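One structure is given here, and the rest of the page talks about it.
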Amino acid sequence: MLHIDLADQYRRGSSRVHRLDPRVKLAGAVLFIVVASALPAGAWGAYGLLFAATLVVAALTGLGAGFALKRSFVALPFALAAISLPFTVAGRPLAQFGPLVVSVEGTVRFASILIKSWLSVQMAIVMTFTTAFPDLLWGLRALRLPPALVAIVSFMYRYLFVLADEALRLMRARASRSGAGAPGRRAGGSLWWRGKVAGGMVGNLTLRAFERSERIHASMTARGFQGEIRMLATPVLTDRDWNALVGWVTFLAMTALIGFVF
Amino acid sequence: MPIAVEVQDLHFKYPDGHGALFGVSLRIETGERVALVGPNGAGKSTLMLHLNGILQGEGAVRVAGRALGNGNLGQVRATVGLVFQDPDDQLFSPTVYEDVAFGPLHMGLALDEVRQRSQAALKAVGMEAYGPRVSHHLSVGEKKRIAIATVLSMDAQILVLDEPTAGLDPRARRGIINLLRGLPQTILASTHDLILVRELFPRMVIMDQGRVVADGPTTRFLADQALLEAHGLELP
Ligand SMILES: Nc1ncnc2c1ncn2[C@@H]1O[C@H](COP(=O)(O)OP(=O)(O)O)[C@@H](O)[C@H]1O
Ligand SMILES: [Mg+2]
Chain A
1 MLHIDLADQY RRGSSRVHRL DPRVKLAGAV LFIVVASALP AGAWGAYGLL
51 FAATLVVAAL TGLGAGFALK RSFVALPFAL AAISLPFTVA GRPLAQFGPL
101 VVSVEGTVRF ASILIKSWLS VQMAIVMTFT TAFPDLLWGL RALRLPPALV
151 AIVSFMYRYL FVLADEALRL MRARASRSGA GAPGRRAGGS LWWRGKVAGG
201 MVGNLTLRAF ERSERIHASM TARGFQGEIR MLATPVLTDR DWNALVGWVT
251 FLAMTALIGF VF
Chain B
1001 MPIAVEVQDL HFKYPDGHGA LFGVSLRIET GERVALVGPN GAGKSTLMLH
1051 LNGILQGEGA VRVAGRALGN GNLGQVRATV GLVFQDPDDQ LFSPTVYEDV
1101 AFGPLHMGLA LDEVRQRSQA ALKAVGMEAY GPRVSHHLSV GEKKRIAIAT
1151 VLSMDAQILV LDEPTAGLDP RARRGIINLL RGLPQTILAS THDLILVREL
1201 FPRMVIMDQG RVVADGPTTR FLADQALLEA HGLELP
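As they're listed, the protein sequences go chains A and B.
Letter by letter, the first sequence follows residues 1 to 262 in our numbering.
Letter by letter, the second sequence follows residues 1001 to 1236 in our numbering.
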């Protein structure tokens, strides 16, 4: 059966990054993002170091340095939320458009936000492309995120596909019943008809989702579930994991120092 | 040996008021293989959900000599392995291995034993290599096999299978039949697949409209065209 593959970003591989413990990758990526966001505006040297780090990590994954770079431009539209900064932050004028004055300070802050979010997205992309989703979930659990939260994400991951498949089937059923009738009339019926069908489909899907959740709960209960999700073994980190983690933390600490001091 | 399943005068209404079981009685000896047949809506799935206390109607249900009550549901659920019709309901974990390990893990077994049992169960259904796979990428046949492994890992002595061959292509169906043939457990399976019944189940229980309407040897019932037709069954 044809089915939808919405969320699977993971690319199989056996690089050093792929083989790192998911906990190390998660903690490393989060730490990177924290450092990137905490850096002051205009810390160009530190940004450069972080950028170099993303390039090195991307190269190590074997996906190619341009891989994350290309995909990271999804961050740009979000950064546009800060587009007003050059005009609203007071400071030395850089340029003037009619009544609008572009300040140097504002531009620096805008550029910094742009770069910082772009770097953060790159690191997040590298992590999701080198860690299988189940491993990621496991890492979240192992890092002591609330089990209920992780369970919700895990069920979403599992049943998004099932629900998407159901939606796809319903949509096909609609499409196959909306041929063009008499010549001159539009295929697919009136807007009203299509709206009605779409509304019905959403209702139908919701009902199915409810019923399914009941059956899933029954099947969990049948296998001994009593409200608490337990976890399989937690392997200890290898020397390689520790080395990577310590190296990464040291590097990030140095970068933060450079960013704040210089 | 205790009687595997004993149901006496079981009545059940769904919360919306819809009656589904009207006085069902059934007795299955240990080691027996029984097919539960009947048209859609007859109450087969509803009855099965009573066998491990997911639903609790009026009447008595005893499993392996124990009367079902709130005190022993844990033990009963370890004894009765319920496999749902839609494997997407049974396989809710991110990976195959986690699903097979779910039962033993939540029975409170030590991690070593959980691992050992999960591997043995995957092996028993011929899916050893599938542990790290993600369930939604599997075929329906593979999912059905793994769904069976999820209760084998609990060391269930009584397997209750809801339509084990529904929706399978001939080869996958044949695979499931061969798999079931090799299992030593007591089996109760609901199905519309009379070939499956003829091959594996010497005893047949026919349900219709929330009641057991016939209970006896498969060979006799399969020869009784009038009985089959009266309950929406058709020999291929
Ligand atoms: N969750 C439910 N709520 C209300 N009625 C239900 C529910 N599930 C099943 N039923 C009804 O109970 C009857 C028996 O259903 P079921 O046990 O699923 O039959 P079978 O498995 O033999 O096809 C049917 O009439 C069905 O419509
Ligand atoms: Mg049913």
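The beta-carbon is built from N, C-alpha and C at its ideal position, and this holds for glycine as well.
These numbers were taken from a predicted model, which means no experiment stands behind them.
Worksheet item: So which residues on chain A does B/Thr1165 lean against when the C-beta distance must stay under 8 Å?
Response: Residues of chain A passing the Cβ test: none, with the nearest at roughly 17 Å.
Worksheet item: Counting Cβ pairs, one atom from each stretch, are 3 or more of them under 8 Å apart for the segment 1122–1133 of chain B and the segment 1060–1076 of chain B?
Response: no
Worksheet item: A/Met157 versus chain B: which residues are under 7 Å apart at the beta carbon?
Response: Checking the sequence, you will find Tyr at residue 157 of chain A rather than Met. In chain order: Pro1094.
Practice prompt. Spatial neighbours of A/Phe251 within its chain, please: CB distance less than 7 Å, with the 5 preceding and 5 following residues excluded, ordered by chain position.
Written response: Ala53
Worksheet item: In the DSSP assignment, what residue or residues form a beta bridge with A/Phe97?
Response: A/Leu100
Worksheet item: Taking 6 Å as the cut-off, does the CB of A/Lys25 come closer than this to any heavy atom belonging to ligand 2?
Response: no
Worksheet entry | Buried/exposed call for A/Glu228, threshold 16 Cβ in 10 Å | exposed
Item to complete: Please name the residue, chosen from B/Gly1043, B/Leu1138, B/Arg1117, that lies closest to B/Ile1206 on a Cα-to-Cα basis.
Response: B/Gly1043
Worksheet item: So which residues on chain B does A/Ile216 lean against when the C-beta distance must stay under 8 Å?
Response: Asp1089, Phe1092
Worksheet entry | Minimum C-alpha distance to B/Met1001 - residue among B/Pro1236, B/Leu1196, B/Phe1201, B/Thr1186 | B/Thr1186
Discussion item. Within the continuous beta strand (DSSP E) that includes B/Thr1267, where are the two ends?
Written reply: Residue 1267 of chain B lies beyond the range of chain B shown here (1001 to 1236); nothing can be said about it.
Worksheet item: If you drop the 5 nearest sequence neighbours on each side, which residues of the same chain put their C-beta closer than 6 Å to that of A/Lys25?
Response: Met127, Thr131
Worksheet item: Do B/Thr1046 and ligand 1 come close, with the Cβ less than 6 Å from some heavy atom?
Response: yes
Worksheet item: By how many angstroms is the C-alpha of B/Leu1021 removed from the C-alpha of B/Asn1178?
Response: 32 Å
Worksheet item: In whole angstroms, what is the alpha-carbon distance linking B/Leu1196 and B/Leu1138?
Response: 24 Å
Worksheet item: Taking any Cβ of chain A, which residues in the segment 1122–1144 of chain B have a Cβ under 9 Å from it, in chain order?
Response: Pro1132, Val1134, Ser1135, His1136, His1137, Ser1139, Val1140
Worksheet item: Is the closest heavy atom of ligand 4 to the C-beta of B/Gly1017 under 6 Å?
Response: Inclusion of ligand 4 in the displayed structure is not the case, the ligand content consisting of ligand 1 and ligand 2 alone.
Worksheet item: Hey, is A/Pro147's beta-carbon within less than 7 Å of any beta-carbon in chain B?
Response: no
Worksheet item: For the segment 205–223 of chain A against the segment 1095–1113 of chain B, are there 3 or more C-beta pairs whose distance is under 8 Å?
Response: yes
Worksheet item: How big is the Cα-Cα spacing for A/Ala253 and A/Leu55?
Response: 18 Å
Discussion item. In the DSSP assignment, the alpha helix (DSSP H) including B/Asp1193 goes from what residue to what residue?
Written reply: No alpha helix (DSSP H) contains B/Asp1193, which DSSP labels as neither H nor E.
Worksheet entry | Cβ distance (whole Å) where B/Val1034 is taken to contact B/Asn1052 below 8 Å | Wrong, their Cβ atoms sit about 16 Å apart, outside the cutoff.
Practice prompt. Give the DSSP-derived three-state secondary structure of A/Ala244 in the structure shown.
Written response: helix
Item to complete: Taking C-beta pairs closer than 8 Å, name the residues in chain A that B/Met1017 reaches, listed in chain order.
Response: In the sequence on display, residue 1017 of chain B carries Gly and not Met. Simply none; closest approach about 17 Å.
Discussion item. Just to check my reading of the structure: A/Gly106 and A/Val89 have Cβ atoms closer than 8 Å, yes? What is that Cβ distance to the nearest angstrom?
Written reply: 3 Å
Practice prompt. Taking only heavy atoms of ligand 1 into account, decide whether any of them is closer than 6 Å to the Cβ of B/Ala1166.
Written response: no
Discussion item. Going by beta-carbon coordinates alone, are B/Val1024 and B/Leu1036 separated by less than 7 Å?
Written reply: no
Practice prompt. Out of B/Ile1054, B/Asp1208, B/Gly1017, point me to the one whose CA is closest to B/Ala1230's CA.
Written response: B/Asp1208
Worksheet item: So which residues of chain A does B/Arg1027 contact, with C-beta pairs closer than 8 Å?
Response: Here the premise fails: no neighbours, minimum Cβ distance about 22 Å.
Discussion item. Quick check on B/Asp1169: buried or exposed, where buried means 16 or more other Cβ atoms within 10 Å of its Cβ?
Written reply: exposed
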